[in-house]
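Okay, so here's the structure we're looking at.
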Amino acid sequence: MVVFVGAGSGAEDLITVRGRRLLEEADIIVYAGSLVNPKLLDVRKESCEVYNSAHMTLEEVLCVLEEGEQAGKKVVRLHTGDPCIYGAIQEQMDALDVKGISYEICPGVSSFCGAAAALRREYTLPGISQSVVITRMEGRTPVPERESIRSFAAHQATMVVFLSTGMLGRLQEELAAGGYSMDTPAAIVYKATWPEEQVLHCTVGTLEETAKRHGITKTALIVVGNILQGEYQRSCLYDPSFATEFRQVQENGGSNE
10 MVVFVGAGSG AEDLITVRGR RLLEEADIIV YAGSLVNPKL LDVRKESCEV
60 YNSAHMTLEE VLCVLEEGEQ AGKKVVRLHT GDPCIYGAIQ EQMDALDVKG
110 ISYEICPGVS SFCGAAAALR REYTLPGISQ SVVITRMEGR TPVPERESIR
160 SFAAHQATMV VFLSTGMLGR LQEELAAGGY SMDTPAAIVY KATWPEEQVL
210 HCTVGTLEET AKRHGITKTA LIVVGNILQG EYQRSCLYDP SFATEFRQVQ
260 ENGGSNE
């Protein structure tokens, strides 16, 4: 059996209980060494074989997975965050399907969740934004025109931008072209939940300057939107004047007196 495991957002204790158990039981671990916290490997057994996929091609990774499965070994493919977001796992799963190799997926805590925790902000605030756009700038990997930063910016929803720290000048231009003002609140979250985590508050117009001033060139998420400022509407969910399946409308602001 091959299991794709989400390593979590960075901190070694933010992997799921299931994910940790799978690492403890693994005979082979192939991990994304450029992004995954290596401390997660401390729980492996002594006989476990470890491969760093940062130095491997897709074909080399698949060879390790296939040979491990054929040998009857427990194989873990350890990806950063949750493997469903920029994990490049679909091509791996499709190849395993072709070879008739069974696999499972163990989800993890994505770094965009870790960034929200670091910011102490909720991405979906009533009256401000009820949607979250998770996207990236176009680099060597193209992005469909309909999914450009400029196109998404027109919605004024909360945006979490991955894999774009080295292109912040262009990002600023695209956000502004899509409709965000230069003074729209923004934040750079470097290595969310890692010991070296940094949270830098800025604006759309100062993203590049802020990153340069603090020497941040990679491994950061960019959060953009008015959820980063203070004003928002109270949620109806816990409002005493709002009835639900579990609670009736309460008079006098919910007082029991």
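So for the sequence shown, this note's numbering puts the first residue at 10; every next one is plus one. Just so it is clear, CB atoms sit at the ideal spot from N, CA and C, and this is done for glycine as well.
- In the DSSP assignment, L230 falls outside any alpha helix (DSSP H) and within the unbroken beta strand (DSSP E) covering 229–233.
- Inter-residue distance for E182 and G148 is about 15 angstroms (C-alpha atoms, whole angstroms).
- Between the region 118–131 and the region 196–203, the count of Cβ pairs shorter than 8 angstroms is three or higher; the stretches touch.
- Contact between F13 and I114 holds: their C-beta atoms lie close to 5 angstroms from each other, under 8 angstroms.
- Rounded to whole angstroms, the gap between the alpha carbons of N61 and G42 is 5 angstroms.
- Taking one beta carbon from each stretch, the region 130–150 and the region 42–57 have fewer than 3 pairs nearer than 8 angstroms; the two do not touch.
- Taken in chain order, the complete beta strand (DSSP E) segments of 3 residues or longer contained in the region 119–178 are 141–145, 167–171.
- A Cβ-Cβ contact shorter than 8 angstroms links W203 with G19.
- If you draw a straight line from the Cα of H164 to the Cα of Q238, it is about 18 angstroms long.
- Under the 8 angstroms Cβ criterion, the region 136–153 counts as touching the region 167–187, having at least three qualifying pairs.
- Counting only the Cα atoms, I236 lies some 18 angstroms from T215.
- Contact between G136 and G117 does not hold, since their C-beta atoms are separated by about 32 angstroms, which reaches or exceeds 8 angstroms.
- Put simply, the backbone Cα of C245 is about 12 angstroms away from that of R256.
- At a cut-off of 4 residues, the continuous stretches assigned as alpha helix (DSSP H) that sit fully inside the region 28–79 are 67–79.
- No Cβ-Cβ contact shorter than 8 angstroms links V85 with L23.
- Scanning its chain for C-beta atoms nearer than 8 angstroms, with the 5 sequence neighbours on each side dropped, one finds around A220 the residues T174, L177, I197, L209, T226, A229, in chain order.
- Residue burial is scored here from C-beta neighbours: V232 has at least 16 other C-beta atoms within 10 angstroms and is therefore classed as buried.
- Selection H223, T253, V70 evaluated against H88 yields V70 as nearest (Cα-Cα).
- Sequence-distant partners of C211 (beyond 5 residues in either direction) whose C-beta falls short of 6 angstroms from its own C-beta, in its chain, are A195, T219.
- When secondary structure is reduced to three states using DSSP, G109 falls in the coil class, being assigned neither helix nor strand.
- Contiguous alpha helix (DSSP H) elements confined to the region 205–260 occur at 216–222, taking only those with 4 or more residues.
- Counting only the Cα atoms, D248 lies some 46 angstroms from E100.
- Following the DSSP letters along the chain, one finds P92 in no beta strand (DSSP E), marked with neither H nor E.
- Contact annotation, I37 with G77: C-beta distance approximately 4 angstroms; criterion of less than 8 angstroms satisfied.
- Annotated as proximal: K83 and A35, with beta-carbon spacing under 8 angstroms.
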